[in-house]
Amino acid sequence: MITVERLRRSFGDLVAVDDVSFEVRDGEILGLLGPNGAGKTTTLCMISGVLKPDSGRVLVDGRDIWLEPTVVKRHLGVVPQEVAVYEDLTARDNLSFWGSLYGLSGSELKERVDEGLTRVGLADRAGDRVKSFSGGMKRRLNLCMGLLHRPRFLLLDEPTVGIDPQARLNILEVIRGVAAGGTTVLYTTHYMEEAQELCDRIAIIDHGRILTVGTLDELTRLAGEAEVLRLTGGFAGGEARDRLQAIAGVRVLQAGDGSAMLSVAAGGPGLLAVLPAVLASGLALDDVSIQRPNLQSVFISLTGRELRD
Amino acid sequence: MAAFQILRRDLLRYLRNPGRTAFLLAIPLMMAAIFALVFGGHGDGGGITIRVLLWDEDDSLLGRLLQGAEDRPESEGRLEVVPVGPEGVEMMNRGDASALVHLPKGFTRAVIDGTPTAIEVVKNPAQQFLPLVVEEGVVLGATVLSAGSRALRPELDVISSFLDADDHPEDAAVASLSASFNRRARQFDLYVFPPVVTLEAVDVGAAQDEEASAKKPQGIAAVLSVFLPGFAILGVLFLAQSATRDMLHDRETGVVRQLLTAPVTPASYLVGKCLSVLVVSAAGLGLLVAAGVAAGVAWGPPLAVATVVVAAAVAASGTLLLVMSVVGSERQGDALATIVIMSWCMLGGAFVPLAQMPAFLHPIAKTTLVYWATSAFSSLIAGGGIADILPNLAVLAGGGALGIAIGAVVMERRLARGAL
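Structure below.
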């Protein structure tokens, strides 16, 4: 189990991570979901022992990573957001070097390298220099490096950013396979769909703070039984927000830039009653859609913003 | 252990990219070769040749002496006398020779008669020193002729009368003239022989025995012996720059962060990188020395040369590690390192021998590790041994080790606080 206790880290006046605590239970995939700049990477850097926290601690199987770094790191596999490979070396060279850092050598190292390359679909490119690889291939190689020593804990920092759908599917499939084998996974992402598809539990982070942690069901319940109405039309300015706010049984999650999101509580006036009220308030309505409770609505209900912000 | 894996990986990268390393090593070799070609003649081992055009309208004895000088052993390959006519002026206009010596018609008779005459020397303005050598030589010849004309005036007057006479001179008159010359020669003997002052020319640093002299490099190899040590140091500094810049590249590409997620401490990463900088620098300098040997440079005792190679590699690594430890990015590192390398090479005598530099720069030169490395090589090339370069080795190894230590500490601190 990974236990994160009250981590805090600032860069000058900017508090990047503020009092972050959560646990990653053995064998589970925990998603750390948040928009860009929320503090996901900084948190992961502190958990992986790259960045020292200003305060707080990280325990991996009860061992503090900053007190016993070498012992703990032997059990960690880290896949950073940046593709950190040597492009002038071949895929096999990169993996062999990485494996040797974990004490692998000889036939064992070769077997692990072959196995890893096959797993991520790069066996036929083993002898090619990495600079000839596509972005998706480099990311798969990066993932392979993190898995080579068969870590008990795998930390992944947005491993699917900027790659094609096929490479993304391959990476997610590998992660599922690793987790099925008992590896504990911490997976940061700002893709809501990935978190929903892949993770057993999800921690939502924004502005350096953990807002909530739970399973998908638990989180959607947080948003209440409410349904979300997404409206498009003349919703610019503060006046539109005031008019929407005045409708009984409605909570305005967001309004402006020609769109608005309303939370309509269960037991309230109901969706059909809200629309005439919107029209009666004098606001122009072009389009309406109903959104079932999901991570997006959870995030909106917690932060008042959409995840893409 | 991790340090050696990092060293192994870096060396593998050099092997996988031989072009980059070859390019860095080719720069100093090319510069030294260009210097050798410019200053060392045309590659035939003959050195500098003075080409003199001789326009002797009088078919004089002096003209024949000048032509004969070309064949003397001490002038062999250094003096070329080309007999010409009036076309010699046009040849000079084309810059075909260092100087044109013109002996006018009646020159010999004027010397015999003791009447004023002149030797004309036309110099090539495109050359600095060689025309001056010709001019000085002609001035010396003219002085000897003038002195002889005055000292042998009675005898020369007799010869002049012989030349003016319609008939052949009487045997008695010739015998009298011969006896007179003989007496004058005996008189000169008192003043001229043995000479009070003799000239002895000795090459600085030359070995005393002829066998050693015979081993001295000639032509281009001799010029390479002067310039290659400095350029080799320039080359090893650029290699060290390339190797240390790799650390900044590692940081900017996220490799350092990823390495630190493995069981690799900042210290072991830095030790690995320092080792690779050292090995690459020493190997590069060794290759440059080997290239010099192939070109005929006699570096000196192999063990002493190897010691200088290692010490210079330590110095180069320490210098560049220190430079790279204080910069924020690869571009900053490149800019600062280039400034340091070029100014140190200028001041330290890598491009121009220290003896050719103004006196006020000599103390400044000694503050650069380039000076200590270059002078160590030069000392060995001049015939010195390891005992002669002990101060150089101490400065190079000590200064380099200090640079490595300070650079590593600064970098480790930056790594620890996440700034590297």
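Chain order of the listed sequences is A and B. Counting from 1, one number per residue, gives the positions in the first sequence under the numbering used here. Counting from 1001, one number per residue, gives the positions in the second sequence under the numbering used here. Cβ coordinates follow ideal geometry from the N, Cα and C atoms, glycine included.
Taking all protein chains shown into account, do 16 or more other C-beta atoms lie within 10 angstroms of the C-beta of residue i, making it buried, or fewer, making it exposed?
i               : result
residue 138(A)  : buried
residue 102(A)  : buried
residue 295(A)  : buried
residue 1245(B) : buried
residue 194(A)  : buried
residue 1023(B) : exposed
residue 1124(B) : buried
residue 1010(B) : buried
residue 1086(B) : exposed
residue 1242(B) : buried
residue 158(A)  : buried
residue 1422(B) : Because chain B here runs from 1001 to 1420, residue 1422(B) falls outside it and cannot be looked at.
residue 1333(B) : buried
residue 1056(B) : buried
According to DSSP, is residue i part of a helix, a strand, or is it coil?
i               : result
residue 166(A)  : helix
residue 98(A)   : helix
residue 66(A)   : coil
residue 115(A)  : helix
residue 52(A)   : coil
residue 261(A)  : strand
residue 33(A)   : strand
residue 246(A)  : coil
residue 212(A)  : strand
residue 149(A)  : coil
residue 90(A)   : strand
residue 239(A)  : helix
residue 1083(B) : strand
residue 232(A)  : strand
residue 256(A)  : strand
residue 122(A)  : coil
residue 1013(B) : helix
residue 1268(B) : helix
residue 1207(B) : Residue placement at residue 1207(B) cannot be trusted, given a pLDDT of 47 that sits under 50; what the coordinates show is reported in the next sentence. Correct three-state label for residue 1207(B): coil.
residue 1123(B) : strand
residue 1055(B) : strand
residue 1043(B) : At residue 1043(B) the pLDDT is 46, less than 50, meaning the model places this residue with poor confidence and gives no usable figure here.
residue 154(A)  : strand
residue 1008(B) : helix
residue 1396(B) : helix
Once the 5 residues before and after residue i are set aside, which same chain residues still bring their CB inside 7 Å of it?
i               : result
residue 1405(B) : none
residue 1379(B) : 1388 and 1389
residue 140(A)  : 120, 121, 122, 167, 170 and 171
residue 1151(B) : none
residue 1008(B) : none
Spatial neighbours of residue i within its chain, please: CB distance less than 8 Å, with the 5 preceding and 5 following residues excluded, ordered by chain position.
i               : result
residue 222(A)  : 212, 214, 298, 301 and 302
residue 1133(B) : 1050 and 1098
residue 1311(B) : 1373, 1376, 1392, 1393, 1396, 1397 and 1400
residue 281(A)  : 243, 244, 246 and 247
residue 5(A)    : 21, 56, 57, 58 and 59
residue 1004(B) : 1272 and 1275
residue 290(A)  : 227, 228, 229, 230 and 271
For residue i, which residues in chain B fall below 8 Å Cβ to Cβ?
i             : result
residue 49(A) : 1260 and 1261
Hey, residue i and residue j: beta-carbon distance below 8 Å or not?
i               : j               : result
residue 1079(B) : residue 1291(B) : no
residue 58(A)   : residue 64(A)   : yes
residue 1025(B) : residue 1284(B) : yes
residue 1054(B) : residue 1018(B) : no
residue 1288(B) : residue 1232(B) : yes
residue 73(A)   : residue 1261(B) : yes
residue 228(A)  : residue 250(A)  : no
residue 1316(B) : residue 1240(B) : yes
Which chain A residues are close to residue i, counting only those with a beta carbon under 7 Å from its beta carbon?
i               : result
residue 1241(B) : Those within 7 Å of residue 1241(B) in chain A number zero; the least Cβ separation is about 18 Å.
residue 1002(B) : 101
Within a Cβ cutoff of 6 Å, which residues of the same chain sit near residue i, ignoring the five residues on either side of it in sequence?
i              : result
residue 203(A) : 22, 32, 210 and 213
residue 7(A)   : 17, 20, 46, 53 and 56
List, in order along the chain, the chain B residues whose C-beta lies closer than 7 Å to that of residue i?
i              : result
residue 100(A) : 1005
residue 76(A)  : 1261
residue 88(A)  : 1013, 1016 and 1017
residue 93(A)  : 1012
residue 73(A)  : 1261, 1262 and 1263
List the residues of chain B whose Cβ lies closer than 9 Å to the Cβ of residue i, in chain order.
i             : result
residue 97(A) : 1005, 1006, 1008, 1009 and 1012
residue 82(A) : 1253, 1254, 1255, 1257 and 1258
residue 70(A) : 1263, 1264 and 1265
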